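Below: one structure, written as structure tokens.
Residue numbers (the working numbering): 215 to 520.
Okay, structure coming up:
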């Protein structure tokens, strides 16, 4: 299901540079108009990228701020919802997070890799693919960015409406996970590997405690964003290795969110759902905008004859 180019973005040889002030010649090479420096296109492209960085930074700051506010008064609901999710996974015979973590905890090196992957690749991969799209697949950039933004906004609504305590916060009752806002009285059924085993990030750090919402587990944006990365590479990269790396990134992200006890499998299903929703909404909006633009540019004579 490839995404068509944004109708507002120019495509073809020399198209992006032409927008910046140049004119492509017959071979698609850029011929500078009189009085225009050769690097004007590059300068404008750099300024546009700086604007994008600022826009994304402001969006992410607002997202983190609202995400942090979403946990106010949500503690009891978050643990109640955790009971629902655990019960649902047991009914579906997919509550495998606990045995998976128990089996892998002795492999300290693997846990450290999972912790580092969880705390870093979530941002590095997403930001890197955004930059790649902007500079090398610019005709697809705007729509790809919109899909990512819609995914994030949809998840933010879910964090407010359905706060959820992650597995790492569940207490144990005779070895059985028992969600309780009072905290564990017997012991934890899951280990908070980011805190206990170490890595690039910990929710127990002063900064994380100040800005992070511990109950923003549903949906998993770690998994949702990794799906976005995989789809962008699958749709727009011509390199088979890059496509395979995108799929591997999504698979590895699913693994690390489970083994670090930061998400349930159903959280990953939620991440898939917001990705599908964002793609559909963005496609609908683009088609609607294209139809309006076509109608506004239709000659009056055609409208009368119609």
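Glycine included, every Cβ here is placed at the ideal spot set by N, Cα and C. Nothing here was measured: the structure is a model prediction, and the numbers come from that model.
Buried or exposed, going by whether 16 or more other CB atoms sit within 10 Å of the CB of residue 175?
What is shown of the chain runs 215 to 520, which leaves residue 175 out entirely.
Measure how close the beta-carbons of residue 437 and residue 468 come, nearest whole angstrom, since I'm counting them as under 8 Å.
Within the chain shown, residue 437 is the residue found at index 223, counting from 1. Within the chain shown, residue 468 is the residue found at index 254, counting from 1. Yes, they are in contact, since the Cβ atoms of residue 437 and residue 468 sit about 6 Å apart, within 8 Å.
State yes or no: is the C-beta of residue 364 within less than 7 Å of the C-beta of residue 480?
Along the chain shown, read from residue 1 onward, the residue named residue 364 stands at position 150. Along the chain shown, read from residue 1 onward, the residue named residue 480 stands at position 266. Contact flag unset, no.
Taking the alpha-carbon positions, what's the residue 237 to residue 500 distance?
Taking the first residue of the chain shown as 1, we reach residue 237 at position 23. Taking the first residue of the chain shown as 1, we reach residue 500 at position 286. Here the model assigns residue 237 a pLDDT of 36, short of 50, so the residue's position is not dependable and the matter cannot be decided.
Beta carbon of residue 456, beta carbon of residue 447: below 7 Å?
If you number the chain shown from 1, residue 456 lands on position 242. If you number the chain shown from 1, residue 447 lands on position 233. Cβ atoms of residue 456 and residue 447: closer than 7 Å.
Looking at the strands, I want to know which residues DSSP matches up with residue 489.
Within the chain shown, numbered from 1, the residue matching residue 489 stands at position 275. Paired residue(s): none; residue 489 is not in a bridge.
Along the alpha helix (DSSP H) that carries residue 297, what are the first and last residues, could you check?
Within the chain shown, residue 297 is the residue found at index 83, counting from 1. Unbroken alpha helix (DSSP H) run through residue 297: 289-305.
Under the assumption that residue 369 contacts residue 442 (Cβ atoms under 8 Å), give the Cβ distance between them as a whole number of angstroms.
Along the chain shown, read from residue 1 onward, the residue named residue 369 stands at position 155. Along the chain shown, read from residue 1 onward, the residue named residue 442 stands at position 228. Their Cβ separation, rounded to whole angstroms, is 12 Å, which puts residue 369 and residue 442 out of contact at 8 Å.
Would you list the residues sitting across from residue 430 in a DSSP beta bridge?
Position 216 of the chain shown, counting from 1, holds the residue named residue 430. 378, per the DSSP bridge assignment.
Residue 385: buried (16+ other C-beta within 10 angstroms of its C-beta) or exposed?
Residue mapping note: residue 385 aligns to position 171 of the chain shown, counting from 1. By the 10 Å Cβ count, residue 385 comes out buried.
What do you get for residue 352, buried or exposed, if any count of 16 or more other CB atoms within 10 angstroms of its CB means buried?
Here residue 352 refers to the residue found at position 138 when the chain shown is read from its first residue. Buried.
Of all the options 452, 486 and 429, which has the alpha carbon lying nearest to the alpha carbon of residue 288?
Numbered from 1 along the chain shown, position 74 holds the residue referred to as residue 288. Out of 452, 486 and 429, 429 has the C-alpha closest to the C-alpha of residue 288.
Would you grab the beta carbon distance between residue 333 and residue 383 for me? Rounded to a whole angstrom, and I think it's under 8 Å.
The sequence position of residue 333 within the chain shown is 119, counting from 1. The sequence position of residue 383 within the chain shown is 169, counting from 1. Contact doesn't hold; Cβ gap of about 18 Å is too wide.
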